[in-house]
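Going by my numbering, the sequence shown opens with residue 338, and the numbers climb by one from there.
Every residue, glycine too, gets a C-beta built ideally from N, C-alpha and C.
Model, not experiment: these values are computed from the prediction.
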Amino acid sequence: MDLFSQSGQQNPDRPLADRMRPKAFEEFFGQEHLIGPGKILSPEALKNHPPSLVLWGPPGSGKTTLAHLIAHMTGCFYVFFSAVLSGVKEVREIVAEAKFRFQSSGQKTLLFVDEIHRFNRSQQDAFLPHLEDGTLILLGATTENPSFSVNAPLLSRCKVLALKPLELHQVTAILQRAIDDPGQGLGKMTLKIDDPVLREIAEWAEGDARRALNLLEACVNLAPELHDQKVVTDKEVREAAQSRILFYDKQSEEHYNTISAFIKSMRGSDPDASVYWLARMLEAGEDPLFIARRMIVFASEDIGNADPNALPIAVAAQQAFQAVGLAEGWIPLSQAVTYMATAPKSNASYMAYKNALEAVKKRGSLPVPLHLRNAPTSLMKELGYGEGYQYPHSEPVKAKEQTYLPDKLLHERFYLPKDSGYEKQIKEWMSKGKKDKEK
């Protein structure tokens with residue numbers, strides 16, 4: 338199968354990003370840790386024993402292009418397959434054709450599955466026997482962490498290659514190649530694009546080669562023609578770009594990475610980082626109420642009694658957002674985030690429950706002390722329920738001697754307040770109460 342025919346010349350209306358897809362490793366920019374002599378994607382390694390691979394990386398890092406180049410290098414019959422548009426039925430058809438091809442000509446089939454993480458477990462399992470018997474060589478591409486999105490049996494039969502976002506100078510070089518190329522690129526046009534403008538396009542792309550080329554093409558289409566020359570300025574760049582497209586999916590690893598960075602920034606008392614991650618999530622389309630719920634949990638788990646106001650502020654921020662809506666709801670969220678980040682921190686109340694839970698699991702259902710039991714009937718009173726209980730409001734002195742834990746846990750301490758914020762006062766009050774009991 339000729340992957341690199343003259344289709345680009347036959348169809349000049351294809352997007353610039355597609356026309357400029359590298360046709361040889363020499364034209365490929367980035368991923369130097371994978372490509373070249375002695376690397377896993379060296380010509381020698383690919384020609385002899387091409388492995389099944391999972392290409393994991395952000396959009397525009399070169400996953401599809403690498404698959405094309407690998408297939409061309411190996412001499413395998415190449416099949417492109419989208420996990421979004423196809424299913425197990427199509428896999429069976431491809432496998433049947435691959436078996437016939439191998440038996441009749443000895444040619445192996447390299448199957449490229451784009452967005453392999455879109456396949457469910459049973460769909461991914463359909464590949465296993467055909468990888469085992471050598472019918473297929475699999476190249477899977479994913480933007481998701483394969484540890485979570487690819488089944489372990491399939492993952493164990495593939496090598497995972499992590500692709501990195503392209504560096505700014507690499508994206509700039511890709512753009513310059515497109516400008517200079519007279520065949521598939523813009524080389525036949527009379528263009529004027531100054532270096533600072535080209536750099537601005539590269540910066541907007543954020544390491545995504547496809548986005549960079551699409552933006553370049555849009556800028557050229559928008560640019561006015563002056564003296565038989567297209568002049569691209571920063572005005573066209575801003576107009577074409579409009580706003581950055583953030584790499585974020587509510588079901589993806591990036592979703593969990595970003596909320597993790599948000600929580601850890603508040604925990605680390607960095608208001609600047611905290612509000613930055615808040616803006617990142619909101620701009621990318623995260624559910625603001627999800628963020629508000631995480632803040633409510635954070636207020637109790639990481640601030641707790643060091644600042645008891647944190648919890649009602651978090652709840653108020655959630656209610657305020659629901660009252661004013663998305664357009665201005667970020668304002669109370671930002672206020673709450675900066676409050677959480679700068680509040681004194683303590684996880685003592687969180688750990689108190691964890692410690693108590695451990696005692697419950699270890700000791701089981703210890704009996705409630707008789708003096709703490711309610712006695713609504715005469716029989717219960719005869720059995721000693723409630724006997725000896727001292728009501729603290731009526732008998733404050735006697736109540737100080739009273740215990741409230743099961744006998745086997747009398748010496749256990751679950752809540753250990755810290756010297757932080759209001760909790761320091763709690764600690765002093767508890768210490769005074771302990772001394773009073775010992776008198």
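Member of the options whose CA lies at the smallest distance from the CA of residue i
i, options, result
"Phe365", "Ile511, Pro352, Pro388 and His467", "Ile511"
"Asp350", "Gln521, Arg710 and Pro704", "Gln521"
"Asp565", "Val534, Lys529, Gly723 and Tyr722", "Lys529"
"Leu670", "Ala680, Ala678 and Gln655", "Gln655"
"Pro681", "Lys445, Ser757, Arg548 and Val534", "Ser757"
"Leu406", "Ala489, His708, Leu448 and Glu695", "Leu448"
"Glu738", "His748, Gln727 and Gly443", "Gln727"
"Val450", "Gln444, Gly424 and Asp470", "Gly424"
"Met618", "Ala598, Phe437 and Gly605", "Ala598"
"Leu553", "Leu503, Ser768, Ala354 and Met717", "Ala354"
"Glu591", "Glu576, Gly666 and Ala621", "Ala621"
"Ala489", "Ala404, Arg458, Lys718 and Thr402", "Arg458"
"Ala408", "Gly524, Ala433, Pro380 and Pro649", "Pro380"
"Ser606", "Val508, Cys495, Ser683 and Pro625", "Ser683"
"Thr411", "Asp470, Leu475 and Glu369", "Leu475"
"Ala578", "Ala693, Ala555 and Ala560", "Ala555"
"Ala693", "His748, Ala647, Asp639 and Lys718", "His748"
"Ala689", "Trp667, Phe751 and Ser637", "Phe751"
"Gln507", "Arg536, Pro388 and Arg494", "Arg536"
"Arg833", "Thr570, Ala560, Gly524 and Thr509", "Residue coverage of the chain in this structure runs from 338 to 776, which leaves residue 833 outside it and unanswerable."
"Glu481", "Phe456, Asp470 and Glu469", "Phe456"
Own chain partners of residue i with C-beta closer than 6 Å, once the 5 adjacent residues on each side are dropped
i, result
"Glu623", "none"
"Pro352", "none"
"Leu505", "Ala539"
"Phe341", "For Phe341, the pLDDT reaches just 48, beneath the cut-off of 50, and the residue's location in the model is therefore unreliable, leaving the point undetermined."
"Leu615", "Val674"
"Gln343", "Since pLDDT at Gln343 reaches only 41, below the 50 mark, its modelled position is unreliable, and no value is offered."
"Ala657", "Pro669"
"Gly477", "Val391, Val450 and Ile453"
"Glu765", "none"
"Pro729", "Ala736"
"Lys436", "Thr472"
"Tyr676", "Ile650"
"Pro743", "Leu703"
8 Å Cβ shell around residue i - same chain, five flanking residues per side excluded
i, result
"Met526", "Val557 and Lys567"
"Met357", "Ile511, Arg514, Ala515, Asp518, Gln521, Gly522 and Leu550"
"Leu746", "Ala696, Arg700 and Leu703"
"Leu492", "Val391, Pro483 and Ser484"
"Ala420", "Val450, Asp451, Glu452, Ile453, His454, Arg455, Phe456 and Gln460"
For residue i, the first and last residue of its enclosing beta strand (DSSP E)
i, result
"Val450", "Thr446 to Asp451"
"Thr479", "Leu473 to Thr479"
"Leu371", "Looking at the DSSP string, Leu371 is not in any beta strand (DSSP E), and its letter there is neither H nor E."
"Ala499", "Lys496 to Ala499"
"Lys567", "Lys567 to Val569"
"Leu378", "Here Leu378 belongs to no beta strand (DSSP E), and DSSP marks it neither H nor E."
"Leu392", "Leu390 to Trp393"
Integer-rounded CB distance, given that residue j should sit under 8 Å from residue i
i, j, result
"Ala685", "Gly641", "6 Å"
"Gly394", "Ala546", "So it is not a contact: roughly 11 Å between Cβ atoms."
"Glu452", "Thr479", "7 Å"
"Lys400", "Leu500", "6 Å"
"Pro625", "Ala678", "The Cβ separation is near 18 Å, so there is no contact."
"Ala647", "Ala636", "4 Å"
Range covered by the alpha helix (DSSP H) that runs through residue i
i, result
"Val508", "Leu505 to Asp517"
"Ser423", "Run containing Ser423: none; DSSP gives neither H nor E here."
"Val652", "Ala647 to Val661"
"Ala404", "Lys400 to Thr411"
"Leu535", "Asp532 to Ala542"
"Leu619", "Pro608 to Ala621"
"Lys745", "Here Lys745 belongs to no alpha helix (DSSP H), and DSSP marks it neither H nor E."
"Gln521", "That residue, Gln521, is in no alpha helix (DSSP H); it is neither H nor E in DSSP."
"Ser686", "Ala685 to Arg700"
"Lys735", "Pro733 to Ala736"
"Asn457", "It is not in any alpha helix (DSSP H) - Asn457 carries neither H nor E in the DSSP assignment."
"Val634", "Pro625 to Phe635"
"Phe485", "Pro483 to Ser486"
"Met357", "No alpha helix (DSSP H) contains Met357, which DSSP labels as neither H nor E."
Residues near residue i by beta carbon distance below 7 Å, same chain, minus five either side
i, result
"Ile763", "Asn642 and Pro754"
"Ser486", "His454 and Thr479"
"Glu724", "Leu707 and His708"
"Gly345", "Since pLDDT at Gly345 reaches only 43, below the 50 mark, its modelled position is unreliable, and no value is offered."
"Leu371", "Ile377, Leu378 and Leu498"
"Leu720", "none"
"Gly373", "Ser379"
"Ala560", "Lys567, Val568, Val569 and Glu573"
"Lys771", "none"
Exercise. Would you call the region 416 to 434 and the region 458 to 477 touching, i.e. three or more CB-CB distances under 8 Å?
Worked result: They touch, by the three-pair rule.
For this session: Check whether the region 699 to 710 touches the region 628 to 642, counting contact only when three or more Cβ pairs, one atom from each stretch, lie closer than 8 Å.
Result: Too few Cβ pairs lie closer than 8 Å, so no.
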